[in-house]
Amino acid sequence: MHNGQDHKGTDGKEGMRKRREFASQEDQVGLTNKMVNAQVGQDDRTHGYFLDLSLSLSARTSKTPPPPSLPPPPIPPPPHEGPLSLQSNFLIPPALSTAQQPLQPSFIPIYNPASPMSSPRSTAAPPPPMASVRPILRLQPRRCSPQGKSPTIPPPFPWATDQRATVHSLAYLMALNITTIRDQVQCKRCEQQYEIGFNVREKFVQIGVYILENKDTMHHRAPSSWTNPTFPTCGHCNQQNGVRPIIAKKKKSINWLFLFLGEMIGYCRLPQLKYFCKHTRNHRTGAKDRLVYITYLGLCKQLDPNFPFDD
């Protein structure tokens, strides 16, 4: 009987101990569930917080302007001064141009000494001075005939030479038996055209004597009898002072010796007189009486190179 009571008492204590352990386990499980639930809630709140924080930061980042880019670091000076190589002209990377140069980082721009956009704070040496270029001297062109004209022409008359505004000497004409110089004239009254001639020896002596006698009073000017000549009488209508020489339109074809012997050089216009002075190397500026005087004395020197007076 006593053993039965002891056994019941032991069973009761064991049951109470198990119930306490079970209750303790339930409490621990509940506490664990509460902690898990609390942790989950805290994680949800933390996740939401970080999500909101990331969104706000991204919005601020999009509104904030990017910071200014830093200038590139200074580039060491080139190893030597000299003319620019193909590398600087065509921007060839240093790694491809030579194997001795160290590799540069990819974010550093290629250095070009001649580029005006290089950094002002660069410590690179200035480019070598350019060699002095000698100025090109423009030479004066040689004086030649205008419009490429040749100094020689086909002789327009038997008494003319192949030089412009030049006739043969009197001795040459006498040797060829050229005694009369002829050309066409026209009367202003009857408008008849015909040919007249002058004896070269007689007329030259007459004009030469006149120059020798009046040279001191001319003062390098032609007298009025030369600038306003008296023309021959017409052979058809007998009009006195009515015949005019027919002067060629081309200056190279003017019959200068005929005009000289007939004392009709004053009938020429200024361009024609300047043409004669130009091609006989005489000063061709001045009044008409000056040019007429030069033409008369020039033809005297052509007919007789020993003529005693120059212009």
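So for the sequence shown, UniProt numbering puts the first residue at 1; every next one is plus one.
We put the beta carbon where it would ideally sit given N, CA and C, even for glycine.
Being a predicted model, the structure only gives us computed values, none of them experimental.
By the Cβ neighbour-count rule, H168 is buried, with 16 or more other Cβ atoms within 10 Å of its own. Distance from the Cα of N282 is smallest, within the candidate group K249, P154, T166 and K149, for T166. Cβ-Cβ distances below 6 Å link F276 to A165 and T295 in the same chain, with the five nearest sequence neighbours on each side left out; the list follows chain order.
When the beta-carbon positions are compared, C187 and Q239 come within less than 7 Å of each other.
With contact defined as three or more Cβ pairs closer than 8 Å, the stretch 214 to 222 and the stretch 247 to 259 are not in contact. For Q239, there is no enclosing beta strand (DSSP E), as DSSP marks it with neither H nor E. The alpha helix (DSSP H) runs of length 4 or more contained entirely in the UniProt domain "DUF7086" (171 to 303) are, from start to end of the chain, 200 to 218, 224 to 227, 256 to 261, 270 to 279 and 288 to 303. Annotated as proximal: F198 and G262, with beta-carbon spacing under 7 Å. Taking the Cα positions, T180 is about 15 Å away from Q206. The C-beta of T152 has fewer than 16 other C-beta atoms within 10 Å across all chains shown, which makes the residue exposed. About 12 Å separates the beta carbon of P232 from that of Y267, a gap too long to meet the 8 Å contact definition. P154 and F260 have their C-alpha atoms roughly 21 Å apart. Burial state of D162 is exposed, judged by a 10 Å Cβ sphere holding fewer than 16 other Cβ atoms.
In the DSSP assignment, T152 is bridged to Q163.
A direct Cα-Cα distance of roughly 34 Å separates L297 from C190. Between K252 and P156, the beta carbon gap of about 7 Å places them in contact (Cβ cut-off 8 Å). The Cβ atoms of V185 and W226 lie no closer than 7 Å to each other.
Across the set I178, D289 and K149, the C-alpha of D289 shows the shortest separation from the C-alpha of R269. M264 and N306 have their C-alpha atoms roughly 24 Å apart. By the neighbour-count definition (other C-beta atoms within 10 Å, threshold 16), Q193 is an exposed residue. Within a 10 Å sphere around the beta-carbon of V200 sit 16 or more other beta-carbons, which makes this residue buried.
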